[in-house]
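Step one of this worksheet: look at the structure below.
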Amino acid sequence: MTMNYSGGMTSLANRGGGELEAVWAKASAALKSEMSQDTFNSWLGQAGVRENAAGELYLVTPTGIARDWVRRNAWRRVTELWSQYDPQRRALELRSRAELDTAAPAQDSAGAASPAPAPKAPLQALASPAAEEAETAPRAPGLQERFRFDTFVPGPANEFAHSVAKKVACWSDGHFNPVVFHGPYGFGKTHLLNAIAWEAMRASPGRKVIYLTAERFLQSFVRAMMDRTGPAFKDELRAADLLLIDDVHFIAGKQSSQEELYHTLAALTQDGRRVVFTADRAPNDLTEMDARLRSHLQAGLVCGIEPADRTLRLGILERKLVQLGRPMGQPGLNARPEVLQFLADRFTDSVRELEGALNTLVARVGERVEALNLDEAQAILRPHLRGAEKRITVDDIQKAAAEHYGMKQADLISERRNRAVARPRQAAMWLAKTLTTRSLPDIGRRFGGRDHTTVLHAVRRIEALRQEDPQLARDLEVLTRKLRG
Numbered sequence: 050m051t052m053n054y055s056g057g058m059t060s061l062a063n064r065g066g067g068e069l070e071a072v073w074a075k076a077s078a079a080l081k082s083e084m085s086q087d088t089f090n091s092w093l094g095q096a097g098v099r100e101n102a103a104g105e106l107y108l109v110t111p112t113g114i115a116r117d118w119v120r121r122n123a124w125r126r127v128t129e130l131w132s133q134y135d136p137q138r139r140a141l142e143l144r145s146r147a148e149l150d151t152a153a154p155a156q157d158s159a160g161a162a163s164p165a166p167a168p169k170a171p172l173q174a175l176a177s178p179a180a181e182e183a184e185t186a187p188r189a190p191g192l193q194e195r196f197r198f199d200t201f202v203p204g205p206a207n208e209f210a211h212s213v214a215k216k217v218a219c220w221s222d223g224h225f226n227p228v229v230f231h232g233p234y235g236f237g238k239t240h241l242l243n244a245i246a247w248e249a250m251r252a253s254p255g256r257k258v259i260y261l262t263a264e265r266f267l268q269s270f271v272r273a274m275m276d277r278t279g280p281a282f283k284d285e286l287r288a289a290d291l292l293l294i295d296d297v298h299f300i301a302g303k304q305s306s307q308e309e310l311y312h313t314l315a316a317l318t319q320d321g322r323r324v325v326f327t328a329d330r331a332p333n334d335l336t337e338m339d340a341r342l343r344s345h346l347q348a349g350l351v352c353g354i355e356p357a358d359r360t361l362r363l364g365i366l367e368r369k370l371v372q373l374g375r376p377m378g379q380p381g382l383n384a385r386p387e388v389l390q391f392l393a394d395r396f397t398d399s400v401r402e403l404e405g406a407l408n409t410l411v412a413r414v415g416e417r418v419e420a421l422n423l424d425e426a427q428a429i430l431r432p433h434l435r436g437a438e439k440r441i442t443v444d445d446i447q448k449a450a451a452e453h454y455g456m457k458q459a460d461l462i463s464e465r466r467n468r469a470v471a472r473p474r475q476a477a478m479w480l481a482k483t484l485t486t487r488s489l490p491d492i493g494r495r496f497g498g499r500d501h502t503t504v505l506h507a508v509r510r511i512e513a514l515r516q517e518d519p520q521l522a523r524d525l526e527v528l529t530r531k532l533r534g
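Going by our numbering, the residue at position 418 of the sequence shown is 467; the numbering climbs one at a time, nothing skipped.
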């Protein structure tokens with residue numbers, strides 16, 4: 050892939066650039082086959098690999114919004130593929146073009162001259178704010194500025210995890226050790242881990258905090274073994290006052306790395322140092338993990354994070370709009386309630402997917418997102434909804450609603466107007482508008498040839514009632530999850 054951005058970004062060539070281009074081409078081909086063409090072109094189509102004078106490699110996106118989307122939705126897979134195709138298994142970091150262009154000039158893979166930064170150690174302790182001001186210690190790669198407690202939206206699904214994270218971050222006594230946050234991809238685990246690191250450094254600048262993704266732990270461990278710097282690597286980890294490792298499940302099945310992590314965990318907990326991990330499953334479900342390591346993880350506090358409910362999803366969207374407005378010089382952006390409600394009801398499985406959908410809208414229309422109506426938002430997001438649209442049809446919705454309310458599917462398309470039938474019919478119409486991209490006239494035709502104004506009335510009626518009727522809200526939530534599988 051050739052990159053011709055301004056600001057020092059040139060084509061990948063010379064000084065190993067051809068090799069980098071070949072590796073990224075293979076990884077790109079694999080990514081393109083795993084996601085839709087529209088999605089790949091929107092977020093990764095203009096990305097490329099850049100190398101600085103110190104030999105550090107970066108995947109560079111043209112914008113910060115694209116960088117954030119890749120980090121949330123594809124970075125794990127990108128690093129897996131890069132490691133698979135790069136014969137040297139070099140570490141790859143993610144940056145936007147602006148981040149590199151505003152930093153100290155980096156040498157790209159074409160070999161353009163630039164001042165070289167000081168070489169990095171295999172691991173770096175996170176600098177406390179005071180240390181950063183004195184420029185005495187660098188910040189570890191991967192820690193994200195936007196992931197702090199003040200940008201985390203707590204709710205019933207995550208309030209216990211949030212409370213535990215706050216206690217760990219303020220170095221409170223009587224803590225459990227280790228702490229393991231677990232939940233599916235996109236539930237906020239990485240956000241909590243970053244927030245702990247930032248707050249712990251602020252609360253106690255003199256203590257040593259190390260934050261690593263599991264991938265970086267593996268890369269650093271392998272590099273240390275190859276460079277025969279294993280003892281230094283071990284000493285660095287075991288000197289941490291707080292060690293945080295994200296996605297520890299990636300270490301399962303890698304025997305030597307598991308062995309090192311087990312001994313590090315045992316040494317730290319025995320000395321009263323604090324350890325926090327995240328995983329996609331509870332420790333007892335990590336069957337490929339070494340039994341001793343799994344037992345140590347189970348011995349602390351295992352804290353699950355549940356799917357966000359609708360109220361929490363709406364709160365996340367509102368907070369995200371504030372964040373997206375800041376780079377535009379705005380105190381915050383707004384969006385129409387029906388657009389936010391559509392997003393909250395459609396993207397229920399992952400907070401990252403939810404935020405990604407909002408990012409897509411803002412990336413396409415900018416500040417005009419405030420004037421965007423529901424049909425326009427659905428049109429923009431249609432490439433991201435195609436998979437769900439194929440799975441969910443109006444017929445699926447009618448069958449699920451009829452079963453849920455204990456009636457026949459034929460009742461929903463009949464002329465009967467008594468409340469026992471009319472309310473489930475309105476709920477099914479609302480679900481059809483929310484979970485499919487069918488137009489109002491099309492939905493009306495599928496409900497016994499009704500006019501589009503009847504469907505619009507039903508959608509508005511259900512939208513109003515769900516705010517007042519907890520049972521209806523629960524019914525809609527249950528049906529949505531059932532239909533989305």
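From the three backbone atoms N, C-alpha and C, an ideal C-beta is built for every residue, glycine too.
- CA-CA distance, Phe-225 to Leu-410, rounds to 42 Å.
- For Ala-328, DSSP records a beta bridge to His-231.
- If you look at Asp-295, you'll find it isn't in any alpha helix (DSSP H); it sits in the beta strand (DSSP E) that goes 291-295.
- Setting aside the 5 residues that flank it on each side, Arg-144 is surrounded in the same chain by Tyr-107 and Val-109, each with a C-beta closer than 6 Å to its C-beta; the list follows chain order.
- Distance from Cys-219 to Glu-248 at the Cβ level is roughly 7 Å; contact confirmed, criterion being Cβ atoms closer than 8 Å.
- The three-state secondary structure of Ile-259, taken from DSSP, is strand.
- Per the Cβ contact rule, the segment 247-261 is not in contact with the segment 231-238 (fewer than 3 Cβ pairs under 8 Å).
- Contact annotation: Val-202 and Gly-364 have beta-carbon atoms nearer than 7 Å.
- For Ser-145, the enclosing beta strand (DSSP E) has its first and last residue at 141-145.
- Between Leu-421 and Val-470, the CB-CB gap reaches or exceeds 7 Å.
- A direct Cα-to-Cα measurement between Phe-326 and Pro-280 gives close to 23 Å.
- The beta-carbon distance between Asp-339 and Gln-307, rounded to whole angstroms, is 4 Å. This is short enough to meet the 8 Å contact definition.
- Comparing alpha-carbon positions, the option among Met-84, Arg-277 and Leu-267 lying closest to Gly-302 turns out to be Leu-267.
- The alpha-carbon separation between Ile-245 and Trp-73 amounts to approximately 33 Å.
- Taking all protein chains shown into account, Gln-304 has fewer than 16 neighbouring C-beta atoms within 10 Å of its C-beta and is therefore exposed.
- Counting only residues of its own chain and dropping the five nearest sequence neighbours on each side, Glu-419 has a CB closer than 7 Å to the CB of Leu-382, Asn-383 and Ala-384.
- With respect to the 7 Å criterion, Ala-428 and Leu-532 are not classified as neighbours on the basis of their beta carbons.
- Residues of the same chain with a CB within less than 6 Å of the CB of Leu-286, apart from the 5 flanking positions on each side, are Thr-313 in chain order.
- Distances from the CA of Glu-355 to each of Met-377, Asp-329, Gln-379 and Lys-369 were compared; the closest alpha carbon is that of Asp-329.
- Assigned with DSSP and collapsed to three states, Leu-335 falls in coil, not helix or strand.
- The alpha-carbon of His-501 is positioned some 15 Å away from that of Leu-480.
- DSSP places Arg-197 in the coil class of the three-state scheme, outside both helix and strand.
- As the crow flies, the alpha-carbon of Asp-518 is around 14 Å from that of Gln-475.
- The beta strand (DSSP E) runs lying completely inside the segment 467-502 and spanning 3 residues or more number zero.
- Counting of Cβ neighbours within 10 angstroms places Val-527 among the exposed residues, the total staying below 16.
- Taking the CA atoms as reference points, Ala-273 sits about 17 Å from Tyr-260.
- Its chain contains Leu-392, Phe-396, Leu-430 and His-433 as the residues whose beta carbon lies nearer than 7 Å to that of Ala-406, once the 5 sequence neighbours on both sides are disregarded; these appear in chain order.
- According to the DSSP assignment, Arg-99 belongs to the beta strand (DSSP E) that extends over 97-100.
- By the beta-carbon neighbour count (other beta carbons within 10 angstroms, threshold 16), Gly-67 is exposed.
- Bounds of the alpha helix (DSSP H) holding Leu-130 are 124-134.
- The C-beta distance from Leu-80 to Arg-126 rounds to 7 Å, short enough to meet the 8 Å contact threshold.
- Relative to the Cα of Ala-288, the nearest Cα in the group Leu-317, Ile-446 and Phe-299 belongs to Leu-317.
- In its chain, beyond the 5 residues on either side, Gly-204 have a beta carbon closer than 7 Å to the beta carbon of Thr-360.
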